[in-house]
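Residue 303 in the numbering used here sits at position 52 of the sequence shown, and the numbers go up by one each step.
Beta carbons are placed, not taken as given, at the ideal position from N, Cα and C, and that holds for glycine.
In what follows, a structure is listed as structure tokens, so that the remarks can point back to it.
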Amino acid sequence: MDRRTFLKSAVAGSVAAGFAGSAFAAGYYYPVQVDQSLFAGINRAKDPAHKSGLEKSHAPVLTAPAAVKAGEPFTVDVAVGETLHVMMTNHWIGFIELSIGNEPVGKVDLTPKGYLKPKVAFTVVIPKEAAPSGKVTLVAKQQCNLHGLWEGSLDIAVS
Ligand SMILES: [Fe+2]
């Protein structure tokens with residue numbers, strides 16, 4: 252093999268290796284086809300009494316006292332799903348957010364490194380002026396990297 256032929260084959264081999272590396276990287280980071288309709292808006296359980304499998308593992312479930320006193324702290328637990336969602340390197344919950352009505356009050360970012368389950372506890376205090384009708388709606392949202400943004404809610408009385 253002369254020098255010219257050697258250089259040509261070496262360059263062609265490097266280019267081919269580069270393309271193969273890019274294809275491998277794309278396959279590693281995007282291994283799953285997603286349902287794009289889940290990313291078109293906010294997803295909710297259509298019939299909370301009869302959730303589908305996807306809804307059971309994605310619709311946030313809020314747990315809080317049915318009635319609370321204004322100005323006194325209480326705990327709101329938010330779990331991602333009746334059956335807790337997985338936290339794997341290719342499928343995970345990115346954040347869990349709590350709002351009172353349409354006002355965001357807190358957000359927890361999660362990383363898929365195996366330390367966390369997608370369930371958080373918020374300590375909440377509702378001032379009297381935030382509940383003029385004697386009740387509020389607690390709203391939780393969560394983001395799944397493969398299944399989009401999901402919302403769940405719970406009405407509680409405030410006296
Ligand atoms: Fe998911």
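Problem - Cβ-heavy atom distance, His301 to ligand 1, below 7 Å - result: Working through the sequence shown from its first residue, we reach residue 301 at position 50. Incorrect: His301 has no Cβ contact closer than 7 Å to ligand 1.
Problem - 7 Å CB neighbourhood of Phe270 in its chain, flanking five on each side removed - result: One-based indexing of the sequence shown puts residue 270 at position 19. Residue placement at Phe270 is poorly supported in this model, since its pLDDT is 46, which falls under 50; the coordinates still yield a value, given next. Nothing meets the Cβ criterion.
Practice task
Check the DSSP bridge columns for Glu380 and list the partner residues they point to.
Solution key: Numbered from 1 along the sequence shown, position 129 holds the residue referred to as residue 380. The partner list for Glu380 (beta bridge, DSSP) is empty, contrary to what the question assumes.
Practice task
Indicate whether the contact test is met: 3 or more Cβ pairs, each with one atom in the segment 389-404 and one in the segment 342-355, closer than 8 Å.
Solution key: Under the three-pair Cβ rule at 8 Å, the segment 389-404 counts as touching the segment 342-355.
Handout entry: Heavy atom of ligand 1 within 7 Å of Leu367 beta-carbon
Key = As a first step, residue 367 must be located in the sequence shown, where it is residue number 116. Checking every heavy atom of ligand 1 against the Cβ of Leu367, none is found closer than 7 Å.
Problem - Selection from Pro369, Pro324, Thr334, Pro363 that minimises the alpha carbon distance to Ser303 - result: Position 52 of the sequence shown, counting from 1, holds the residue named residue 303. For Ser303, the closest C-alpha among the options Pro369, Pro324, Thr334, Pro363 is that of Thr334.
Handout entry: Extent of the continuous beta strand (DSSP E) to which Lys392 belongs
Key = Reading the sequence shown from its first residue, position 141 is the one you call residue 392. Boundaries of the beta strand (DSSP E) harbouring Lys392: 386-395, taken from the DSSP string.
Exercise for the section: Decide yes or no for the touch test of the segment 298-317 against the segment 356-365: beta carbon pairs closer than 8 Å, at least 3 of them. Expected result: No: fewer than three Cβ pairs fall under 8 Å.
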